[in-house]
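**Student:**
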Amino acid sequence: MRFRTIFCAVLCAVVFSFASFSQSDSEQKGIRFSVVLEGAFYPSSERLHSAEPHFSMLDGFYNRVEGRALFSAAYKIPIVLGSHWLLKDSSVTVLAGAELTPLTIAPFIRADFSPLPFLVFSAGVSGGSGWAISSLYGIAALDEESRTYEPFTAFSAWYYDVWASALFQFDLGAIVKGDWTHVLFLAGYKVIYKGVSGVSWHEVWKWQNSGNKVNGLQYEASVIIGYQLPFAVHRIGVITDLFGNYDSDDYGKFGDSYKGDFVTVKISPFVQVVVSKKDEISIAAQVANRRAFDEEYPGVNEEVFLHFASYEWFFNRIGARWTHIF
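Numbered by my numbering, the letters in the sequence shown go through residues 161 to 486 in order.
And the structure:
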């Protein structure tokens with residue numbers, strides 16, 4: 161089950177580096193073990209066909225729920241690049257772990273190099289496989305003739321991704337001292353190749369029950385604007401994520417009609433609460449866009465056969481994330 165954005169992402173460089181603003185992270189010694197539990201609730205919204213950008217209203221309370229658990233161990237290695245105060249805290253952090261959902265398991269490893277307090281370069285790789293539970297598929301390929309997804313048996317096909325990213329982060333409180341001066345800004349860009357083994361080039365596949373994907377080079381860009389408070393309600397802010405395929409031809413014959421290089425935008429106001437020195441809870445709501453088509457929407461399995469018409473905005477989800485550091 162797919163779970164992306166601030167909390168996923170989190171599965172992602174931006175969220176991990178955002179934690180670097182905390183005092184506890186900067187004082188990390190030895191190996192740090194952590195567990196993250198994430199969940200999201202998706203209401204149902206209309207799928208309209210219109211040639212103009214529009215907003216789709218909710219048409220039902222419930223569409224689906226998603227969840228995952230992340231288990232990881234991180235080791236921070238100080239790197240001496242110089243005696244200047246900008247260089248004295250340079251470091252490399254190596255993080256390894258696994259993501260587990262009801263449908264998939266995916267080990268991962270990443271490394272973060274921070275030569276300056278405001279700059280982080282990262283790279284990583286992950287891979288995994290999945291299984292089917294009833295009509296929910298961890299990993300599957302689209303049968304174009306029947307227009308249905310055919311699931312792979314567990315560990316007969318593999319999802320993988322390889323990525324590199326750069327992150328700029330700024331805290332006004334580092335320049336203007338005080339409890340009320342922590343205005344936060346982060347901007348990150350990631351280049352990532354995603355694929356599934358056992359499928360042909362341009363073949364459409366599904367991972368974590370999220371379909372209409374193809375092998376190819378993609379990008380993810382994120383901007384976070386936030387404010388840090390000297391209370392248990394520790395941070396508030398807004399995250400904007402943009403992602404998509406660089407080349408519409410990754411979708412082969414569907415590239416032009418489906419608009420394979422469609423840019424997905426997700427906007428997520430969030431609040432982060434510090435429960436204890438080792439526990440944090442984050443909550444976010446999310447508005448996103450998606451493709452709208454010329455035709456009546458028949459269902460997600462037939463989406464790539466439709467013709468792109470415009471952008472449709474909708475309320476996507478409410479998500480929560482609990483992080484515990486051992």
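Cβ coordinates follow ideal geometry from the N, Cα and C atoms, glycine included.
Go ahead and label Arg224 buried or exposed: buried means 16 or more other beta carbons lie within 10 angstroms of its beta carbon, across all protein chains shown.
**Tutor:** Classification of Arg224: exposed, given that the 10 Å Cβ count is below 16.
**Student:** Whole angstroms are fine: how far does the CA of Tyr379 sit from the CA of Thr400?
**Tutor:** Distance between the alpha carbons of Thr400 and Tyr379: 14 Å.
**Student:** Could you check if Trp365 is buried or exposed, using at least 16 other CB atoms within 10 Å of its CB as the buried criterion?
**Tutor:** It counts as buried.
**Student:** Comparing C-alpha positions only, which one of Ala445, Asp454, Ser470 sits nearest to Pro151?
**Tutor:** Given that the chain is displayed from residue 161 to residue 486, the structure contains no residue 151 and the question cannot be resolved.
**Student:** Which of the three DSSP states is assigned to Ala392 in this structure?
**Tutor:** It is coil, neither helix nor strand.
**Student:** Excluding sequence positions up to five away, which residues of its chain have a Cβ less than 6 Å from the Cβ of Asn375?
**Tutor:** Counting only Cβ-Cβ distances below 6 Å, and skipping sequence neighbours, we find Gly355.
**Student:** Taking the alpha-carbon of Val447 as reference, which of Glu304, Phe215, Gly190, Ser357 has the nearest alpha-carbon?
**Tutor:** Checked all of Glu304, Phe215, Gly190, Ser357; the closest Cα to Val447 is Phe215.
**Student:** Run through the DSSP bridge pairs and tell me what Lys236 is partnered with.
**Tutor:** Bridge partners of Lys236: Thr253.
**Student:** Using a Cβ-Cβ cutoff of less than 8 Å, which residues in the same chain neighbour Leu296 once the five nearest sequence positions on both sides are dropped?
**Tutor:** Taken in chain order, the residues that qualify are Met161, Pro262, Leu263, Asn369.
**Student:** Going by other Cβ atoms of all chains shown within 10 Å of its Cβ, with 16 needed for buried, is Gly257 buried or exposed?
**Tutor:** By the neighbour-count rule (16 or more Cβ atoms within 10 Å), Gly257 is buried.
**Student:** Assuming the contact rule is C-beta atoms closer than 8 Å, Leu484 and Ser194 should be a hit. Round their C-beta distance to whole Å, please.
**Tutor:** For the sequence presented, residue 484 should be read as His rather than Leu. Confirmed, about 6 Å.
**Student:** Based on the DSSP secondary-structure assignment, which residues constitute the bridge partners of Lys337?
**Tutor:** According to DSSP, Lys337 bridges with nothing at all.
**Student:** Can you check whether the CB of Ser442 is closer than 8 Å to the CB of Phe453?
**Tutor:** No. Outside cutoff.
**Student:** Determine, using beta carbons only, whether Phe268 and Val254 come nearer to each other than 8 Å.
**Tutor:** Cβ atoms of Phe268 and Val254: not closer than 8 Å.
**Student:** Whose CA, out of Gly415, Gly404, Gln388, Asp439, lies closest to the CA of Gly397?
**Tutor:** Out of Gly415, Gly404, Gln388, Asp439, Gln388 has the C-alpha closest to the C-alpha of Gly397.
**Student:** Less than 8 Å between C-beta atoms, sequence neighbours within five positions excluded: which residues of the same chain meet that for Ala271?
**Tutor:** Correct list, in chain order: Val252, Thr253, Val254, Leu255, Ser282, Ala283, Gly284.
**Student:** Is it buried or exposed, Glu259, if we count other Cβ atoms within 10 angstroms and call 16 or more buried?
**Tutor:** Buried, since its Cβ has 16 or more Cβ neighbours within 10 Å.
**Student:** How is Asp321 classed by DSSP in three states: helix, strand or coil?
**Tutor:** Reduced to three states, the DSSP call for Asp321 is strand.
**Student:** Return the CA-CA distance between Val403 and Tyr349, expressed in angstroms with no decimal places.
**Tutor:** Just to set this straight, residue 403 is Phe in the shown sequence, not Val. In a straight line, the C-alpha of Phe403 is about 10 Å away from that of Tyr349.
**Student:** Would DSSP call Gly284 helix, strand or coil?
**Tutor:** Correct three-state label for Gly284: strand.
**Student:** On the three-state DSSP scale, how would you describe Val364?
**Tutor:** Coil at Val364, not helix or strand.
**Student:** Less than 6 Å between C-beta atoms, sequence neighbours within five positions excluded: which residues of the same chain meet that for Lys413?
**Tutor:** Closer than 6 Å at Cβ, skipping near neighbours: no residue.
**Student:** Taking the straight line between their C-alpha atoms, what separation do you get for Thr341 and Gly333?
**Tutor:** Cα to Cα, Thr341 sits roughly 5 Å from Gly333.
**Student:** According to DSSP, simplified to helix, strand and coil, what is Val464?
**Tutor:** Note: Val464 maps to helix in three-state DSSP.
**Student:** For Pro429, which residues does DSSP report across the bridge?
**Tutor:** Val398, per the DSSP bridge assignment.
**Student:** Would you grab the beta carbon distance between Val322 and Ala347 for me? Rounded to a whole angstrom, and I think it's under 8 Å.
**Tutor:** 22 Å between Cβ atoms; not a contact.
**Student:** Use the C-beta contact count for Trp361: other C-beta atoms within 10 angstroms, 16 or more gives buried, fewer gives exposed.
**Tutor:** Burial call: exposed.
**Student:** Can you check whether the CB of Gly479 is closer than 8 Å to the CB of Gly199?
**Tutor:** Cβ distance < 8 Å, so Gly199 and Gly479 count as in contact.
**Student:** Mind reading off the beta-carbon distance from Arg228 to Glu462? Whole number of angstroms is fine, and I expect it under 8 Å.
**Tutor:** Arg228 to Glu462, Cβ: 27 Å. No contact.
**Student:** Is the separation between the beta-carbon of Val425 and that of Asn449 shorter than 8 Å?
**Tutor:** Yes, they are a contact pair.
**Student:** Note the first and the last residue of the continuous beta strand (DSSP E) segment covering Val423.
**Tutor:** It is not in any beta strand (DSSP E) - Val423 carries neither H nor E in the DSSP assignment.
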